[in-house]
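Enquirer:
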Amino acid sequence: MAERRSLFSGRRGFELQFNWLFVLIAGAIFLMFFFSIIRNQSDSSTEERASETQSDVDFLFRASLGSRSSDKLVPLGGSVEFMCEDGVSQYIVDGSRVSSQYNYLAVFSPSLLDGKELFVKTDFFRAPFHVMPFLFVTNKDTQYVFIGESPFLKSIYSSMPENATKRFLPPAEGVSQFKDGSFDKVIFVTDEKGYEDSFAGVKLSKFSNDRLKEVSLVVIAPLGGIANYYGAATFYRHSDSAFQRVDESFFFTPELALGAAYSGDLAIYSCQLDKALKRMGLIASIHEERIGKILEESRFSSACIDRYSSMNSYLEIMKELSDRKNLALDDYGELFEAIQGIKRVNTELIDKTPCPAIY
Amino acid sequence: MKSEPELDSRSGSRRLKRRAQLEMIGLIVIVIMVITVMLVYLVYKVNNPSESIKRGYVNKELASNFLITITKVNVKECPQQTLTDLVTDCANTARRSIYCGGEKSCVVANKTLYDILTPTMDELGKDFEFSVERADLNYTGACKDKERVQAVQVFTLFPSMERIRLTLNVCDAD
Amino acid sequence: MQSTETIFVVIIIIVIVLLGFVFYSRVQESSIKEKQREQRVLRMITLAHALSNWPELECSTLESRDFDCIDRLKLGVLSDFINVSRQDDTYAFKYYNDLLRRSRIVITEVYSHTDKESWVVYDNSVESASKETVFIPVNVFDPTDHTFTFAMMELSLYE
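Protein chains in written order, with numbering that gives the first Met the number 0: chain A, 0 to 358; chain B, 0 to 173; chain C, 0 to 158.
#1: Could you tell me which of A:296, A:272, A:290 and A:293 sits nearest to residue 323 (chain A), measuring between CA atoms?
#2: Looking at the secondary structure, which residues open and close the alpha helix (DSSP H) in which residue 52 (chain C) lies?
#3: Three-state secondary structure (DSSP) at residue 130 (chain C)?
#4: Under three-state DSSP, which class holds residue 267 (chain A)?
#5: Is the Cβ of residue 67 (chain C) closer than 8 angstroms to any Cβ of chain B?
#6: Take residue 179 (chain A) and list the residues in its own chain whose beta-carbon comes closer than 7 angstroms to its own, dropping the five residues that flank it on each side.
#7: If the cut is a Cβ gap below 9 angstroms, which residues of chain C does residue 293 (chain A) touch?
#8: Going by the CB atoms, is the gap between residue 151 (chain C) and residue 107 (chain C) shorter than 8 angstroms?
#9: Taking the beta carbon of residue 319 (chain A) as the centre, do at least 16 other beta carbons fall within 10 Å, making it buried, or is it exposed?
#10: CA-CA distance, residue 1 (chain B) and residue 16 (chain B)?
#11: Cα separation between residue 30 (chain C) and residue 3 (chain C)?
#12: Between which two residues does the beta strand (DSSP E) containing residue 244 (chain A) stretch?
#13: Quick one: what does DSSP say residue 112 (chain C) is sitting in, helix, strand or coil?
#14: For the beta strand (DSSP E) that residue 201 (chain A) lies in, which residues bound it at each end?
#15: Report the neighbours of residue 119 (chain B) on chain C: residues whose CB is nearer than 9 angstroms to its CB, in chain order.
#16: Since residue 228 (chain A) is in the alpha helix (DSSP H), which residue starts that stretch and which ends it?
#17: Residue 22 (chain C) CB to nearest chain A CB: under 8 angstroms?
#18: Please report whether the beta-carbon of residue 1 (chain B) lies at a distance below 8 angstroms from any beta-carbon of chain C.
#19: Please return the same chain residues whose Cβ sits closer than 6 angstroms to the Cβ of residue 111 (chain B), not counting the five positions on each side in sequence.
#20: Provide the residue(s) that pair with residue 118 (chain C) in DSSP beta bridges, ordered along the chain.
#21: Count the other CB atoms, across all protein chains shown, that sit within 10 Å of the CB of residue 121 (chain B); report buried if there are 16 or more and exposed otherwise.
#22: Taking Cβ to Cβ, would you say residue 201 (chain A) is nearer than 8 angstroms to residue 245 (chain A)?
#23: Using the C-alpha atoms, what's the distance from residue 19 (chain A) back to residue 19 (chain C)?
#24: Give the interface partners of residue 54 (chain A) over in chain C, defined as CB-CB distance under 7 angstroms, in chain order.
#25: Going by DSSP, what residues sit across from residue 330 (chain A) in a beta bridge?
#26: Check each candidate in A:238, A:196 and A:228 and name the one with the smallest Cα separation from residue 208 (chain A).
#27: Does DSSP put residue 129 (chain B) in a helix, in a strand, or in coil?
#28: Counting only beta-carbon separations shorter than 8 angstroms, does residue 57 (chain C) have a partner in chain A?
#29: Does DSSP put residue 113 (chain A) in a helix, a strand or coil?
#30: What residue range is occupied by the uninterrupted beta strand (DSSP E) comprising residue 168 (chain B)?
#31: Which partner residues does residue 88 (chain A) have in the DSSP bridge list?
#32: Just to confirm my understanding: we take residue 64 (chain A), look at its own chain, exclude 5 residues before and 5 after, and list those with CB closer than 8 angstroms. What are they?
#33: Take the Cβ of residue 325 (chain A) as the centre, count every other Cβ of all protein chains shown within 10 Å, and call the residue buried at 16 or more, exposed below.
#34: Does chain C have any CB closer than 8 angstroms to the CB of residue 91 (chain B)?
#35: Can the beta-carbon of residue 128 (chain B) be found less than 8 angstroms from the beta-carbon of residue 113 (chain B)?
#36: Taking the alpha carbon of residue 298 (chain A) as the point to measure from, which residue in A:47, A:28 and A:355 has its own alpha carbon closest?
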């Protein structure tokens, strides 16, 4: 009987063993290689998606430079965080490695927006000539609650898109009993009277402590009601026990008042206000030089020349105040008056003279 | 005569060699297939590039933007009139009243359109055609048998309130 | 013999995989370049549209509510304004540099009832870089005599 030789004994057996080992090692290398490719692809596709969303948002911002006024619904593939530090505005999409800056636009929005789509409203900031586009951005998961009955509050309410999550809270329904609707953010908007009547010393009892940090309040107080569209915007955050004052800022046009309501955040609002002021100073300079060019043609009558002179003085006020830091309420009052003055003189130029208008 | 085991081992090794050869051929076939697929893909990519956004924008927007801006210009021969004034006067066959620099509105309008469009479209590498309904205003033939983009501007005639169309076709030049 | 065969087979497979990898990465590279180019062109087109509505250039809105309309007086002012702000490195220059980056904006009158003019509004071009250019027809409005001329805005973006 022939000896049963072991499969792995002898030279042939050694080759077989060697083959298997070789195959195992090669197979393991291949598997590792392909797994790493799959992992890289998966990571890069997440980044690609985030970067596509980021470039969509960037494109939206740039396209808004060219539109006068619009309301858009923009699909969003993740969350967007808006930041403003040291005068630099930037936003970053969840999953993206780099943030994008947007220093030539003013975007009023809560600091973090999460969800499937964004409501984007574009409107031009006028002083009273076109200065720069303002973007008002929010989503369905941010709730705006208006308290008060003034025409001023109603005008801000109606400026918000129809499908935004907004409501008026009747005075009878106390704020302390306001129910938590599980929104990402709740922004209360009111005027001075509304604050005194409804918020002073009040705690939102229906919100858990964790949820309270997503609640903020903006008190928009115009001096002299809807006719005098300038005043203070005071921002509050809810601490454990009641609304705490953060600080105040100011507004001097309807678009800025709307921006304060949209953002509910002092840092974001102040940053955009600062941009708006600088840009207003820049445009005022251009208009001033343009008037200089008009006046170089000496064929205009004294009626025109007088109006251009008063226009120049209003533009000077704008330039000077836009360069100054830490403006007070009176300064914003001066800006408001300068805007009204320019509006009035421009209308006179168009209605009563053949001279070129300013805007 | 060879012994049976010798014959068996020879045919066995021949079989083994044949198998090895078949395997090599299979491998070569796979390599050739892979290279062919790659080449086909490359050829397809080169011959069918994706349409540039720019080309699409330029072709679609150019024609309509041109019409809107051209018709607003004040005419050299009579600066108080715009091209719109001349085109509508030319189309208003019953009530032509504008004379521009001593010439009829149709003549000046035709010349102005040609003067504006020719250098501009040449610079852009495009050809054009224009025509106005019911008016002696047209320049056609340049875009015949070519893919073209069309823009239309509508004018209202007074006092009849009839509407006429100014049509501009833009196509790539040869 | 068999192990030689196996080694040979494995080498061939590795070569095929490497070839495939090289091919894939080349395709990815060209697709990324194409996407970058498309983004650049898109950015240019949106900027071109925005420029026509720029407060620095737009026609007086109360007198002439038109798009693609540029004020002649503002044209005269703006290029000097940008040049001066560049020398003084003011906020204005930072603003325009941030918005326009490496680009060149030239407006040239093609048809005018007066002498034809040309304005270089912004020039931050780079000689050696690749360039994308788009031409946009615009009206140049003179507010002193309320007349329109026809011009082409040439917007070039450099990368």
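Idealized CB from N, CA, C, for every residue including glycine.
The structure presented is a predicted model; accordingly, all values stated were derived computationally and were not measured.
Expert: So, to answer that:
#1: A:272
#2: Taken as a continuous stretch (DSSP letters only), residue 52 (chain C) belongs to no alpha helix (DSSP H), as it is neither H nor E.
#3: strand
#4: helix
#5: yes
#6: 205, 206 and 210
#7: For a Cβ distance threshold of 9 angstroms, residue set 72, 142 and 143 of chain C lies close to residue 293 (chain A), ordered along the chain.
#8: yes
#9: Sixteen is the threshold: since fewer than 16 other Cβ atoms of the shown chains lie within 10 Å of the Cβ of residue 319 (chain A), the residue is exposed.
#10: The predicted position of residue 1 (chain B) is uncertain, since its pLDDT is 49 and thus under 50; no value can be drawn from it.
#11: 40 angstroms
#12: 242-250
#13: coil
#14: From DSSP, residue 201 (chain A) is part of no beta strand (DSSP E); its letter is neither H nor E.
#15: 109, 110, 134, 136, 149 and 151
#16: No alpha helix (DSSP H) holds residue 228 (chain A); DSSP gives it neither H nor E.
#17: no
#18: With a pLDDT of 49 at residue 1 (chain B), under the threshold of 50, the modelled position of this residue cannot be trusted; read the value that follows with caution. Not closer than 8 angstroms to any Cβ of chain C, the Cβ of residue 1 (chain B) fails to qualify, so no.
#19: 74 and 82
#20: C:106
#21: Exposed, since its Cβ has fewer than 16 Cβ neighbours within 10 Å.
#22: no
#23: 26 angstroms
#24: 38
#25: In the DSSP output, where bridge partners are listed per residue, residue 330 (chain A) has none listed.
#26: A:238
#27: strand
#28: yes
#29: strand
#30: 162-171
#31: Note: residue 88 (chain A) is bridge-paired with A:83 in the DSSP secondary-structure output.
#32: 103, 104 and 132
#33: exposed
#34: no
#35: no
#36: A:355
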